[in-house]
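Participant:
Numbering (mature numbering (1 follows the signal peptide of the UniProt record, and there is no 0)), first residue to last: -20 to -1, 1 to 456.
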């Protein structure tokens, strides 16, 4: 009977873990919850079966992506003629500095990232444990990093650089075994008067950026989509080997416009993942009616979830407070400890961390970003099994001392000790099975543990075995 009961409990734990990445019918209980997530996710939301299948091909196991914001704005570093540095995002310099289209075009015409080396970028990402890469093919400024027949406002036709960065980076990433995707601003395009701005408070900037517009000019978003937005997305999905397309800031997007973009991607690349910002802003409420048109949820910029979410998600984080490279005005970088803790919490909540870097205007990666990626990569070399291919914390609560991930088969829990307790011990309760062994990933040595009924106690050494996150592997 004792053997049968233990077997049954192991099956129960395995069932909990296997369901951990699926959409639960009820949200888990948690005392402290982030109100910003509360209103966005109804408990009954479920992703479509085809979206889940696309996720499972590689996305759910990857966990760690590199986000890249690179463009004309990179050369300005957050300021233009003494203006614009107050905005936290340097990639918004055209708006924050109130630059006319002509002024911005003059900067674009000189943009020459001559030190760009796609293979060097891809190798850096691979060595850091990154599994996929997403780069801005066209940000809100309307400038494209790829050869476009739709508009000559692109890096090949408009600049002295004359090379297709999207093509070169795509090929380099795939040579390194990395998945590759592009960011595309489908609604905002400051170079196109017909495109909307992200919020009504910016609407007056139409005349600032385009001072020659007639007073009676009426923007027509559908005209912009037909003229530039949709044809450029078609170029991207037809001409480049894309695993993912990342849309953003969907002002004035409706079902008809969403379908145009989503259907275009599905037509040429059925397995290409689409993120939720095709229609939902990062902080917008998730509407069930739009779930068939994208594959996973992009939560808000630099948000780290405090609880498990009902849909598979990705957190667009960044090594610094800006996404584009910024040296002018206020800007800060995270410490390696902060960056790793944010990463671990995101994975343990059931999502991927897409951690951004902003390369410099000369085409070189930001050295501080490389250092922070490297710190995560060094930790992953030892502790990667607690991240890649795991599922979220199957228990109801996040522990005070850190967080928990689990193996897909439910036979292993990975206890991430982020805050070393003074008591030199950690505890877990409400376990549905009996632990058979415990060990530290840092050195492979056994950990001392005891279990009484459903409560497990692990006695720790006096000091952490890892600088940022000591992982205890517990088998059941």
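Glycine is no exception: its CB is placed at the ideal position from the N, C-alpha and C atoms.
Might you give, ordered along the chain, the residues of its own chain that have their beta carbon closer than 8 Å to the beta carbon of residue 105, omitting 5 neighbours on each side?
Facilitator: Against the chain shown, residue 105 aligns to sequence position 125. Once the five neighbours on either side are set aside, the close Cβ partners of residue 105 are 46, 113, 153, 156, 158 and 353.
Participant: Measure from the alpha carbon of residue 269 to the alpha carbon of each residue in 190, 396, 380 and 27, then state which is nearest.
Facilitator: By 1-based counting over the chain shown, the position of residue 269 is 289. Cα-wise, what sits closest to residue 269 is 27.
Participant: With DSSP as the reference, please indicate the residues paired to residue 293 in a beta bridge.
Facilitator: In the chain shown, counting from the first residue as 1, residue 293 sits at position 313. Paired residues: 277 and 331.
Participant: So, for residue 87: in the same chain, excluding its five sequence neighbours on each side, which residues have a beta-carbon less than 7 Å away from its beta-carbon?
Facilitator: Against the chain shown, residue 87 aligns to sequence position 107. Same-chain partners within the cutoff: 52, 55 and 56.
Participant: For residue 117, does the three-state DSSP call read helix, strand or coil?
Facilitator: The residue labelled residue 117 in the question sits at position 137 within the chain shown. Of the three classes helix, strand and coil, the one that applies to residue 117 here is strand, per DSSP.
Participant: Provide the residue(s) that pair with residue 226 in DSSP beta bridges, ordered along the chain.
Facilitator: Start at 1 with the first residue of the chain shown, and residue 226 comes out as number 246. Its beta-bridge partners are 163.
Participant: Alpha carbon to alpha carbon, what distance is there between residue 67 and residue 337?
Facilitator: As a first step, residue 337 is located in the chain shown; it is residue number 357 there, counting from the start. As a first step, residue 67 is located in the chain shown; it is residue number 87 there, counting from the start. Using only the alpha carbons, I get a separation of about 17 Å.
Participant: Does residue 243 pass the burial test, meaning 16 or more other C-beta atoms within 10 Å, or should it be called exposed?
Facilitator: For the purposes of this step, residue 243 is taken as residue 263 along the chain shown, with counting starting at 1. Answer is exposed; the Cβ neighbour count stays below 16.
Participant: Please classify residue 394: is it buried, with 16 or more other beta-carbons within 10 angstroms of its beta-carbon, or exposed?
Facilitator: Within the chain shown, the letter at position 414 stands for residue 394. Residue 394 is buried by the Cβ-count criterion.
Participant: Roughly how many angstroms lie between the CA atoms of residue 281 and residue 295, to the nearest whole one?
Facilitator: Walking along the chain shown from the start, residue 281 turns up at place 301. Walking along the chain shown from the start, residue 295 turns up at place 315. Roughly 7 Å between the two C-alpha positions.
Participant: When you compare only the Cα positions, how much space is there between residue 288 and residue 23?
Facilitator: For the purposes of this step, residue 288 is taken as residue 308 along the chain shown, with counting starting at 1. For the purposes of this step, residue 23 is taken as residue 43 along the chain shown, with counting starting at 1. Using only the alpha carbons, I get a separation of about 11 Å.
Participant: Quick check on DSSP: helix, strand or coil for residue 7?
Facilitator: Position 27 of the chain shown, counted from the start, is the residue given in the question as residue 7. Bear in mind that a pLDDT of 38 at residue 7, under 50, signals an unreliable position, so the number given afterwards is only what the model happens to contain. Coil, per DSSP.
Participant: What are the residues that DSSP puts in a beta bridge with residue 45?
Facilitator: Position 65 of the chain shown, counting from 1, holds the residue named residue 45. In DSSP, residue 45 forms a bridge with 112 and 334.
Participant: If distances are taken between C-alpha atoms only, which option among 35, 19 and 17 comes closest to residue 252?
Facilitator: Here the question's residue 252 lines up with position 272 in the chain shown. Among 35, 19 and 17, the Cα nearest to that of residue 252 is on 35.
Participant: Going by beta-carbon coordinates alone, are residue 275 and residue 259 separated by less than 8 Å?
Facilitator: By one-based count along the chain shown, residue 275 stands at place 295. By one-based count along the chain shown, residue 259 stands at place 279. No, the pair does not count as a contact, with Cβ atoms beyond the cut-off.
Participant: Ignore the nearest five residues each way along the sequence and tell me which others in residue 344's own chain have a CB closer than 6 Å to its CB.
Facilitator: Within the chain shown, residue 344 is the residue found at index 364, counting from 1. Correct list, in chain order: 95.
Participant: How many angstroms separate the CA atom of residue 318 from the CA atom of residue 434?
Facilitator: The residue given as residue 318 occupies position 338 in the chain shown. The residue given as residue 434 occupies position 454 in the chain shown. Rounded to the nearest angstrom, the two C-alpha atoms are 32 Å apart.
Participant: Alpha carbon to alpha carbon, what distance is there between residue 187 and residue 60?
Facilitator: Taking the chain shown and counting its residues from 1, the one referred to as residue 60 is at position 80. Taking the chain shown and counting its residues from 1, the one referred to as residue 187 is at position 207. Each residue's alpha carbon lies about 19 Å from the other.
Participant: Within the region 234 to 277, note down every full alpha helix (DSSP H) run reaching 4 residues or more, in order along the chain.
Facilitator: List check, alpha helix (DSSP H) in window: 235 to 248.
Participant: Is the separation between the beta-carbon of residue 446 and that of residue 359 shorter than 8 Å?
Facilitator: Your numbering for residue 446 matches position 466 in the chain shown. Your numbering for residue 359 matches position 379 in the chain shown. Yes, these two residues count as a Cβ contact at 8 Å.
Participant: Leaving out five residues on either side along the sequence, give the residues of the same chain with a beta carbon under 6 Å from the beta carbon of residue 110.
Facilitator: Looking up residue 110 in the chain shown gives position 130. Excluding positions up to five away in sequence, the list reads 44 and 46.
Participant: Does residue 60 come out as helix, strand or coil in the three-state DSSP assignment?
Facilitator: The count along the chain shown starts at 1 and reaches residue 60 at position 80. Residue 60: strand per DSSP, three-state reduction.
Participant: With burial defined as no fewer than 16 other Cβ atoms inside 10 Å of the residue's Cβ, what is the status of residue 293: buried or exposed?
Facilitator: For the purposes of this step, residue 293 is taken as residue 313 along the chain shown, with counting starting at 1. Result: buried.
Participant: For residue 423, which three-state DSSP category applies?
Facilitator: Residue numbering aside, residue 423 sits at position 443 when the chain shown is read from its first letter. Note: residue 423 maps to coil in three-state DSSP.
Participant: Can you tell me whether DSSP reads residue 432 as helix, strand or coil?
Facilitator: Working through the chain shown from its first residue, we reach residue 432 at position 452. Residue state, collapsed to three classes: strand.
Participant: For residue 212, is the classification buried or exposed, using 16 other Cβ atoms within 10 angstroms of its Cβ as the cut-off for buried?
Facilitator: On the chain shown, residue 212 is found 232 positions in, with the first residue counted as 1. It counts as buried.
Participant: Between the region 318 to 334 and the region 379 to 390, do three or more beta carbon pairs fall short of 8 Å?
Facilitator: Taking 8 Å as the limit for Cβ pairs, the verdict is that the region 379 to 390 does touch the region 318 to 334.
Participant: Applying the criterion that 16 or more other CB atoms from any shown protein chain within 10 Å of the CB defines a buried residue, is residue 426 buried or exposed?
Facilitator: For the purposes of this step, residue 426 is taken as residue 446 along the chain shown, with counting starting at 1. Counting Cβ neighbours within 10 Å, residue 426 comes out exposed, since fewer than 16 surround it.
Participant: Taking its Cβ as the centre, do 16 or more other Cβ atoms sit within 10 Å of residue 321, making it buried, or is it exposed?
Facilitator: Along the chain shown, one-based indexing puts residue 321 at 341. The residue is buried, with at least 16 neighbouring Cβ atoms inside 10 Å.
Participant: Ignore the nearest five residues each way along the sequence and tell me which others in residue 449's own chain have a CB closer than 8 Å to its CB.
Facilitator: Position 469 of the chain shown, counting from 1, holds the residue named residue 449. Excluding sequence neighbours, residue 449 sits near 320, 321, 324, 359, 363, 382, 396, 397 and 398.
Participant: Could you pull out every unbroken beta strand (DSSP E) segment of at least 3 residues lying fully inside the region 132 to 160, listed in chain order?
Facilitator: Listed in chain order, there is nothing to give.
Participant: Which residue comes first and which comes last in the beta strand (DSSP E) that contains residue 360?
Facilitator: Locating residue 360 in the chain shown gives position 380, where the first residue counts as 1. That residue, residue 360, is in no beta strand (DSSP E); its alpha helix (DSSP H) goes 347 to 363.
Participant: Contact defined as beta carbons within less than 8 Å: I believe residue 93 pairs with residue 341. What is the distance between those atoms, to the nearest angstrom?
Facilitator: The sequence position of residue 93 within the chain shown is 113, counting from 1. The sequence position of residue 341 within the chain shown is 361, counting from 1. Right, their Cβ atoms sit about 6 Å apart.
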